[in-house]
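Note that my numbering has the sequence shown beginning at -4, numbered continuously upward.
Structure, as structure tokens:
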Amino acid sequence: MTETGLDSAQRASDATDDTTSPAPEPTGAARLGSAARVRLFLEGHGLADAIVHFAESTKTAQMAADAMACELGQIVKSLVFVVDGTPVVALVAGDRRGDAGAIAAEAGGAATHFADAETVRAATGDAIGGVSPFALPPDLLVLVDESLRRYELVY
């Protein structure tokens, strides 16, 4: 495939094709803050004990790899693109770049660009730079970089 080697992993969807309808008011877990929502998701999957907190910043993939003492490629970046007007999340290895052309092709579109902060928040519930790969809306298309398969464990 391309540098990112993306596979589509579309989540179950009961959304309609009407993208002009206003989004429903969030309820339950959707009203929680990002960290609380992800913790709730991980608790529900028996993984909350694996949450790691750092005193130092992990803002970049390299900083996160340094903090985890792992390879850069083991860090998963959650990148949000807009493909033909629709938000798409690409989970990309820390040592790779999201290939906009490959992402558009996998999403079945043509035009793509990085999402702005408002679009990221509206699509994922998270702030730009803090998008979790977990607890995302069920109708959001998520693509996974197949190069992540080279690792037994990713962060």
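No residue lacks a Cβ here, since even glycine has one placed at the ideal position from N, Cα and C.
Source: prediction; values computed, not measured.
Taking a C-beta distance under 9 Å as the contact criterion, Ile123 and Ala112 qualify as a contact pair. Residue state for Ala88 is assigned as strand, using DSSP reduced to three classes. In the structure shown, Asp140 adopts extended strand secondary structure according to DSSP, grouped into three states.
By the Cβ neighbour-count rule, Ala43 is exposed, with fewer than 16 other Cβ atoms within 10 Å of its own.
In this structure, Leu138 sits away from Gly68, with a CB-CB distance that is not shorter than 9 Å.
For Ser73, the secondary structure class from DSSP, reduced to helix, strand or coil, is strand. Excluding its 5 nearest sequence neighbours in each direction, Ala130 has C-beta neighbours in its own chain below 6 Å: Arg32, Val33, Phe36, listed in chain order. The C-alpha of Leu74 is placed about 8 Å away from the C-alpha of Val126. Beta-bridge partners assigned by DSSP to Thr107: Val78. Residue nearest to Ala100 within the set Ala118, Arg91, Thr114, Ala85 is Ala85 (criterion: CA-CA distance).
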